[in-house]
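Under the UniProt record's numbering, the letters of the sequence shown match residues 1 to 209, in that order.
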Amino acid sequence: MSDAHESDAAASDADGEEPRSSDDEESVERAVVLDHLPYGRPDDDRPQHQKPEIAYAVGEAEFDLFELTLAEGADVSIGDRVVVVPDADRDLIQRYREIDHEDLSRGAEQELEYVTEEIVERHPQPFLDYFNEAQPLTLRLHQLNVLPGIGDTLRDDILESRKRQGPFESFDDLEERIDGLHDAKGTVVDRIVEELTEDVKYRAFVAEN
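Given below as structure tokens:
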């Protein structure tokens with residue numbers, strides 16, 4: 001998604017576009033709430049009754065960051081999973097826009113690492129696939145080397161283990177088979193947060209804006 005993208009159900013109807021079927025689970029994009037501002041943004045100078053209730057969230061699939069304008073009466077708390085796409089399934093959100101890390105509230109920024117860890121725990125397979133399928137990026141740099149703490153020795157051990165014993169089935173399996181890799185999940189979480197908060201050359205998990 002582009003960081004300039006903004007969507008609301010009314011705009012889709014006006015354009016005559018058909019919403020994606022709610023029966024297609026793969027088309028549903030969910031995000032996890034990082035912060036909830038019931039009285040709107042502090043920098044919004046409009047009268048209080050004109051300021052929309054908003055929340056900040058991070059997408060589960062590609063870690064897009066969102067500012068969500070909530071529907072009237074929406075009951076939303078930090079840590080809740082909400083549907084962002086498609087419009088037909090989005091009952092708590094009036095509209096959304098993609099934002100940069102710098103646009104998050106202080107509360108959202110403080111929750112980012114914890115929520116990211118919960119997402120990785122809930123959906124471990126894409127991150128295990130990264131360890132199982134990682135390939136060279138250049139003649140001198142491997143995809144595994146972009147992960148914090150994984151140097152050439154650990155990289156070679158991972159490659160040798162998956163060649164001899166097959167794919168890693170879980171983070172525990174990864175740690176048991178690779179001496180020196182003590183917190184595989186934490187390594188992934190650290191990299192995701194780094195990609196969200198810093199200007200990195202190679203992205204492993206976070207979508208390009």
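Every residue, glycine too, gets a C-beta built ideally from N, C-alpha and C. All values derive from a computational prediction rather than experimental measurement.
Self-check item: Contacting residues, own chain, Cβ-Cβ under 6 Å from A184 (five flanking each side not counted)
Solution: Around A184: F171, L174 and E175.
Quiz item: So I192 is in the alpha helix (DSSP H); what residue range does that whole segment cover?
Solution: Segment A184 to T197, the alpha helix (DSSP H) holding I192.
Quiz prompt | Reduced DSSP category for F171 - H, G, I as helix; E, B as strand; rest coil | solution = Here F171 sits in helix by DSSP.
Quiz item: Relative to the alpha-carbon of H182, which residue among I158, I119 and T197 has its alpha-carbon at the smallest distance?
Solution: Of the listed residues, the one whose Cα sits closest to H182 is I158.
Quiz item: What beta strand (DSSP E) runs, 3 residues minimum, are completely inside the segment 45-113?
Solution: Within the segment 45-113, the complete beta strand (DSSP E) segments at least 3 residues long are 54-59, 65-70, 81-85 and 93-99, listed from N- to C-terminus.
Quiz item: Does the separation of the CB atoms of L65 and I99 fall below 7 Å?
Solution: Yes, Cβ-Cβ distance for L65 and I99 is below 7 Å.
Quiz item: Got a sec: does the ligand ADP put a non-hydrogen atom nearer than 6 Å to the Cβ of Y202?
Solution: As for the ligand ADP, it is missing from this structure, which has no ligand bound.
Quiz item: Which first and last residues belong to the alpha helix (DSSP H) in which E160 is found?
Solution: Start and end: D152 to Q165.
Practice problem: Would you kindly report the start and end of the unbroken alpha helix (DSSP H) that includes E133? | Solution: In the DSSP annotation of this structure, the continuous segment of the alpha helix (DSSP H) that includes E133 starts and ends at Q125 to E133.
Quiz item: Given that a residue counts as buried once 16 or more other Cβ atoms are within 10 Å of its Cβ, and exposed if not, what is V200?
Solution: V200 is exposed by the Cβ-count criterion.
Quiz prompt | Buried or exposed by the 16-neighbour rule on C-beta atoms within 10 Å, applied to L144 | solution = With 16 or more Cβ atoms within 10 Å of its Cβ, L144 is classed as buried.
Exercise. Taking only the alpha-carbon atoms, compute the straight-line gap between S2 and R140 and give it to the nearest angstrom.
Key: Low confidence applies to S2: its pLDDT is 38, below 50, so where it sits in the model is not reliable, and the reading given next is rough at best. Answer to the nearest angstrom: the Cα atoms are 31 Å apart.
Quiz prompt | Sequence-distant residues of its chain with Cβ nearer than 6 Å to T69 (five each side left out) | solution = The answer, listed in chain order, is P52, I54, Q94 and R95.
Quiz item: For the candidate residues E194, L137 and L34, whose alpha-carbon lies nearest to that of G79?
Solution: That would be L34, whose Cα lies nearest to the Cα of G79.
Quiz prompt | Beta-carbon contacts of G40 that lie in its chain and below 7 Å, excluding the five residues immediately before and after | solution = Cβ neighbours of G40 within its own chain (closer than 7 Å, five residues either side excluded): K51, P52, E53 and I54.
Quiz item: Counting contacts by CB-CB distance shorter than 7 Å, is T197 in contact with chain D?
Solution: Considering every chain present, this structure includes no chain D. It has just one protein chain.
Quiz item: Run through DSSP, which three-state label would L144 get?
Solution: In the structure shown, L144 sits in a helix (DSSP, three-state: H, G or I).
Quiz item: Grouping DSSP H, G and I as helix and E and B as strand, with all else coil, what is E118?
Solution: Secondary structure of E118 (DSSP, three-state): helix.
Quiz prompt | Of the residues R164, I178 and P38, the one placed nearest E67, counting alpha carbons only | solution = Out of R164, I178 and P38, the CA that lies nearest to the CA of E67 is found in P38.
Practice problem: State yes or no: is the C-beta of V189 within less than 7 Å of the C-beta of E117? | Solution: Taking 7 Å as the Cβ cut-off, V189 and E117 qualify as a contacting pair.
Quiz item: Is DSSP giving E176 helix, strand or coil here?
Solution: Under the three-state reduction of DSSP, E176 is assigned to helix.
Quiz item: Once you ignore the five residues that flank H36 on each side, which residues in its own chain have a CB closer than 7 Å to its CB?
Solution: Close CB contacts of H36 within its chain, under the 7 Å cut and outside five residues either way in sequence, are with A55, V76, S77 and I78 (chain order).
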